[in-house]
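Visitor: Residue numbering for the sequence shown follows the UniProt record's numbering, beginning at 1 and increasing consecutively.
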Amino acid sequence: MRIAKSAYEMLAVPVVVLLVWLVGSSFSSSFYFPPLAEILTQFGELWFSERLFTDVLPSVGRLLAGYGLSCVVGILIGLALGMSWRARSAAEPVLEFFRAIPPPALVPVLILLLGFGDQMKIWVIVVGSIWPILLNTVDGVRGHDEVLDETCQSYQFRWHSRLRHMVLPGAMPRIFAGARQGLSIAIILMVISEMFAATDGLGAAIILFQRSFAMPEMWSGVLLLGLIGFGLSMLFEFVERRSLGWYHESRQLKEG
1 MRIAKSAYEM LAVPVVVLLV WLVGSSFSSS FYFPPLAEIL TQFGELWFSE RLFTDVLPSV
61 GRLLAGYGLS CVVGILIGLA LGMSWRARSA AEPVLEFFRA IPPPALVPVL ILLLGFGDQM
121 KIWVIVVGSI WPILLNTVDG VRGHDEVLDE TCQSYQFRWH SRLRHMVLPG AMPRIFAGAR
181 QGLSIAIILM VISEMFAATD GLGAAIILFQ RSFAMPEMWS GVLLLGLIGF GLSMLFEFVE
241 RRSLGWYHES RQLKEG
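#1: Report the rounded CA-to-CA distance for residue 114 versus residue 108, giving the unit in angstroms.
#2: Using 8 Å as the threshold, is the C-beta distance between residue 203 and residue 129 below it?
#3: Alpha carbon to alpha carbon, how far is residue 106 from residue 89?
#4: Starting from residue 182, trace the alpha helix (DSSP H) in both directions and tell me its first and last residue.
#5: Are the CB atoms of residue 62 and residue 190 nearer to each other than 8 Å?
#6: Are the stretch 25-44 and the stretch 175-187 in contact at 8 Å, needing three or more beta carbon pairs?
#7: Output yes or no for whether 8 Å exceeds the beta carbon distance between residue 175 and residue 137.
#8: Taking 7 Å as the cut-off, is the C-beta of residue 106 nearer than that to any heavy atom in the ligand SAM?
#9: With DSSP run on the structure shown, which of helix, strand or coil describes residue 32?
#10: Give the list of continuous beta strand (DSSP E) stretches no shorter than 3 residues that lie fully inside the stretch 49-103.
#11: Mapping the DSSP letters down to three states, classify residue 12 as helix, strand or coil.
#12: Give the secondary structure of residue 115 by DSSP, where H, G and I count as helix, E and B as strand, and everything else as coil.
#13: Give the secondary structure of residue 129 by DSSP, where H, G and I count as helix, E and B as strand, and everything else as coil.
#14: Determine contact between the stretch 202-217 and the stretch 41-59, defined as no fewer than three beta-carbon pairs at a distance below 8 Å.
#15: What span of residues does the alpha helix (DSSP H) with residue 243 cover, start to end?
#16: Would you call residue 101 buried or exposed, if buried means 16 or more other Cβ atoms sit within 10 Å of its Cβ?
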């Protein structure tokens, strides 16, 4: 029931927006803003055909690879920096420098180093989406209960036991918050990397349609990107609620 209620709350507004778009655009004669019914027709013909395998699946695969790598590397580095103030002080200038560089500006550099293949596109996603995950992990580790930390030290808990039973559970809400931000950035960078230099993928297809003035096809690609982002967001929320059920219940008890 809780999942159904959450799905209803998330789907209600998008459905209303689509209905308003469908009715409002039904009499549109603009070349650049075609009716939604025409866009939906092209949507079915384009993305449930060969393009599903040549454009959609490669894009999703690169997105998941880059985002997964960002989560693993960001959490590992964040744990190491959060648990050691010396390492954090030494790494902070370097991290601040690279975080300030816009990820699209690194695309030419990554092209020189990695070429035009999938590796370049995956690393574009990594260098942009890793920062909220890493920084939230550091903040989550630093914000753990000092009384519990002193208790673990007095009982001479080993570092891996302290990490598993105290540090990680306490930092998980912040880690998930950073991972949610990183997912949004990863989707954006997936499209940008494919628009720069690619012959396949959703970004490349949307640019191709725009340059050939195929407006319904272009809008169908934009709509598909929105649906992919929405679906991944719902999946992320499901995983988060399953993993942090204790945290949400404690918050509800405090608020109630």
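All C-beta atoms, glycine included, are put in the ideal place defined by N, C-alpha and C. No experiment lies behind these values; they were computed from the predicted model shown.
Guide: Straight from the coordinates:
#1: Working through the sequence shown from its first residue, we reach residue 114 at position 114. Working through the sequence shown from its first residue, we reach residue 108 at position 108. About 10 Å.
#2: Translated into the one-based positions of the sequence shown, residue 203 becomes position 203. Translated into the one-based positions of the sequence shown, residue 129 becomes position 129. Contact: no.
#3: What you label residue 106 is simply residue 106 of the sequence shown in a count that begins at 1. What you label residue 89 is simply residue 89 of the sequence shown in a count that begins at 1. In a straight line, the C-alpha of residue 106 is about 25 Å away from that of residue 89.
#4: As a position in the sequence shown, residue 182 is number 182, starting the count at 1. Under the DSSP assignment, residue 182 falls in the alpha helix (DSSP H) whose first and last residues are 168-196.
#5: Counting from 1 along the sequence shown, the entry for residue 62 is found at position 62. Counting from 1 along the sequence shown, the entry for residue 190 is found at position 190. The answer is yes: Cβ separation under 8 Å.
#6: Cβ pair count under 8 Å is below three, so no.
#7: Locating residue 175 in the sequence shown gives position 175, counting from the first residue. Locating residue 137 in the sequence shown gives position 137, counting from the first residue. Yes. Within cutoff.
#8: The model depicted lacks the ligand SAM and carries no ligand whatsoever.
#9: Within the sequence shown, the letter at position 32 stands for residue 32. Three-state DSSP puts residue 32 in coil, outside helix and strand.
#10: Here no run is fully enclosed.
#11: Within the sequence shown, the letter at position 12 stands for residue 12. DSSP places residue 12 in helix when its eight states are reduced to three.
#12: The residue labelled residue 115 in the question sits at position 115 within the sequence shown. It is coil, neither helix nor strand.
#13: By one-based count along the sequence shown, residue 129 stands at place 129. Note: residue 129 maps to helix in three-state DSSP.
#14: Touching, yes, given that three or more Cβ pairs across the two stretches are closer than 8 Å.
#15: Indexing the sequence shown from 1 puts residue 243 at position 243. In the DSSP assignment, residue 243 falls within the alpha helix (DSSP H) that extends over 215-243.
#16: Locating residue 101 in the sequence shown gives position 101, counting from the first residue. Exposed is the call here.
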